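Visitor: The following block contains the structure, expressed as structure tokens.
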Amino acid sequence: MKYIVALLAGCLMMVETSFAKSYAYIYIEGDKQTPFYVKLEGQMMPRLGKNYCIIPNLDAGTTNIEILFQQNKFPSQKFVVKVPAEGSRGFVLQKVNDRQFALYDIQQGIYLVSGNKVEDDQLPAANSMSAAPVEATASPTTAPAPQADRDIPAFATSKKPAKKKTNKPVVKEKKPQAEPENRSRFISDIQLNADGTRAD
């Protein structure tokens with residue numbers, strides 16, 4: 450039911466923006482294990498779901514977003530995000546380390562680490578509501594996992610040497626041979642050799 454309401458709210462926002470003055474919106478999605486709240490310019494935003502937020506009716510420029518976590522599980526995360534004149538921005542909230550998160554920009558494939566500056570963010574080249582339609586067979590977009598220190602250089606971690614794997618010998622089991630169906634399986638009909646193996 451919540452998803453239907455969220456879908457209807459999203460559709461309503463798209464229709465509303467097409468008739469009124471064009472505003473932008475920001476979509477932030479988290480993982481299912483880490484519920485969050487969003488403060489926009491110090492004002493708490495309504496929460497439609499535990500792991501996503503839609504921030505509608507934004508004017509072009511920059512905006513300050515603060516992400517708070519349920520039961521203060523993690524420290525609050527502050528971001529400065531550029532808002533396009535018309536259109537949208539989509540982000541996936543990802544944990545960088547035990548105290549810091551980053552917003553992964555779905556459209557551009559870049560990370561905004563919490564505590565960023567305005568210069569760290571960049572607007573997508575072509576960003577409008579009338580962008581090319583998405584194919585019906587397209588799969589949902591999720592953020593790729595940061596690959597070591599390449600994607601987020603601000604948080605370099607030392608690499609541990611990889612453990613060598615030892616190859617264990619593979620023991621092949623002998624498959625039992627199928628007996629012909631015409632032989633009797635009663636004990637009285639079986640003849641054994643001196644070593645206890647079956648005599649054929």
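Start counting the sequence shown at 450; every next residue gets the next number (this note's numbering).
Glycine included, every Cβ here is placed at the ideal spot set by N, Cα and C.
Everything numeric in this text was worked out from a predicted model, so none of it was measured.
1) Residues in its own chain within less than 6 Å of K544 by CB, not counting five upstream and five downstream?
2) Below 7 Å CB to CB, which residues in the same chain sit around L572 once its five sequence neighbours on both sides are set aside?
3) Name the two residues that bound the continuous beta strand (DSSP E) containing N506.
4) Rounded to the nearest angstrom, what separates L507 and N546 at their Cα positions?
5) Measure the alpha-carbon distance for V529 versus K566 and round it to whole angstroms.
6) Identify whether G539 lies in helix, strand or coil by the three-state DSSP scheme.
7) Cα separation between G498 and E568?
8) Just the Cα atoms here: how many angstroms apart are F523 and S471?
9) In the DSSP output, which residue or residues are listed as bridge partners for Q526?
10) Cα separation between Y476 and Y486?
11) The beta strand (DSSP E) that contains K481, what's its start and end?
12) Could you tell me which residues DSSP pairs with D554 in its beta bridges?
Guide: Taking the structure as given:
1) F550
2) K531, P533
3) 501-507
4) 30 Å
5) 6 Å
6) strand
7) 31 Å
8) 35 Å
9) I516
10) 13 Å
11) Segment: none, K481 is in no beta strand (DSSP E) and carries neither H nor E.
12) F540
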